[in-house]
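To keep things clear, I will list the structure first and then write my remarks on it.
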Amino acid sequence: MKIVIINYGAGNIQSIMFAIERLGFNAVLSNNPEEILAADKVIFPGVGEASSAMKKLKESGLDRLIPNLKQPVLGICLGMQLMCKSSEEGATKGLGIFDVDVIQFTPKVKVPQMGWNQIYDLKSDLFKGIPENEFMYLVHSFYAPYCEAAIATTNYESEYASALQKDNFYGTQFHPEKSGAVGEKILENFLKI
137 MKIVIINYGA
147 GNIQSIMFAI
157 ERLGFNAVLS
167 NNPEEILAAD
177 KVIFPGVGEA
187 SSAMKKLKES
197 GLDRLIPNLK
207 QPVLGICLGM
217 QLMCKSSEEG
227 ATKGLGIFDV
237 DVIQFTPKVK
247 VPQMGWNQIY
257 DLKSDLFKGI
267 PENEFMYLVH
277 SFYAPYCEAA
287 IATTNYESEY
297 ASALQKDNFY
307 GTQFHPEKSG
317 AVGEKILENF
327 LKI
């Protein structure tokens, strides 16, 4: 199986590579369109700021490539947020895969939400064998409100979509690669889709 992790300068790639290796697979880091198109599975990571990450995607033409991919694609954290219509972070227009706008937590709660929180209302093969209310690791100041594409929910200030799916596109706000055995099971489920 050919797994490509999109390399566009948004951090946290090594921990994803190591998690995939622990599952017995190898992944290739690439921003080459032909290599991405030829992959069986694509992982779209991201840690950083939305507008600068989107600028990097546009400079490489990946902003046009990613929404047209036909194989399973998993966006993680900022990767998931960039797959949405827009983000309040830097007033950024997103890739428009998920029909939801990413918004910021209010000052009523500690921002960023950092640490472990539960996921529930799980709806997808991505969560096969994962019990309701498992704890996942999150670090974020912006979030996708609960919407039609939500396949997992988390509560922090209010309920929001901690995972999204539309067709072959999946996204997790949490970091499966940093969430221990349960997170790795979610990555393994993605590789089986």
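Take the sequence shown: its position 138, counted from the start at 1, is 274 in the working numbering, and no numbers get skipped. Glycine included, C-beta positions come from ideal geometry on N, C-alpha and C. As the structure is a computational prediction, the values presented were derived from the model and not from experiment.
By alpha-carbon distance to A297, the top candidate from E171, I255, G215 and I156 is I255. Under the three-state reduction of DSSP output, A288 falls in the strand class. Taking the Cα positions, E295 is about 23 Å away from P181.
Between K321 and I266 the beta-carbon gap is near 6 Å, inside 8 Å, which marks them as a contact. Residue range F234 to Q240 is occupied by the beta strand (DSSP E) that includes Q240, with no alpha helix (DSSP H) assigned at that position.
Contact check for L201 and I172: beta-carbon distance about 6 Å, within the 8 Å limit, so the pair qualifies. CA-to-CA, the gap between S151 and V183 works out to about 12 Å. For the pair M153 and I142, the CB atoms are not nearer than the 8 Å cut-off.
In this structure, the alpha-carbon of E293 lies about 20 Å from that of E284.
Between A288 and D261 the beta-carbon gap is near 12 Å, outside 8 Å, which marks them as no contact. For N253 and A174, the gap between their C-alpha atoms comes out near 35 Å.
The beta carbon of M250 is closer than 6 Å to those of V275 in its chain, skipping five residues each way along the sequence. In the DSSP assignment, P281 falls outside any alpha helix (DSSP H) and within the unbroken beta strand (DSSP E) covering F278 to P281. Sequence-distant partners of Y279 (beyond 5 residues in either direction) whose C-beta falls short of 7 Å from its own C-beta, in its chain, are V238, I239, F241, Y296 and Q309.
If you look at L165, you'll find it in the beta strand (DSSP E) that goes A163 to S166. Closest in alpha carbon position to A186, among L159, E225 and N204, is E225.
Secondary structure in the region 153-213: the alpha helix (DSSP H) runs of 4 residues or longer, each lying completely within the stretch, are 169-173, 186-196 and 198-201 in chain order. When secondary structure is reduced to three states using DSSP, L327 falls in the helix class.
Contact between G319 and G215 is ruled out by a C-beta separation of about 15 Å, above the 8 Å threshold.
Residue pairing by DSSP places V275 opposite M250 in a beta bridge.
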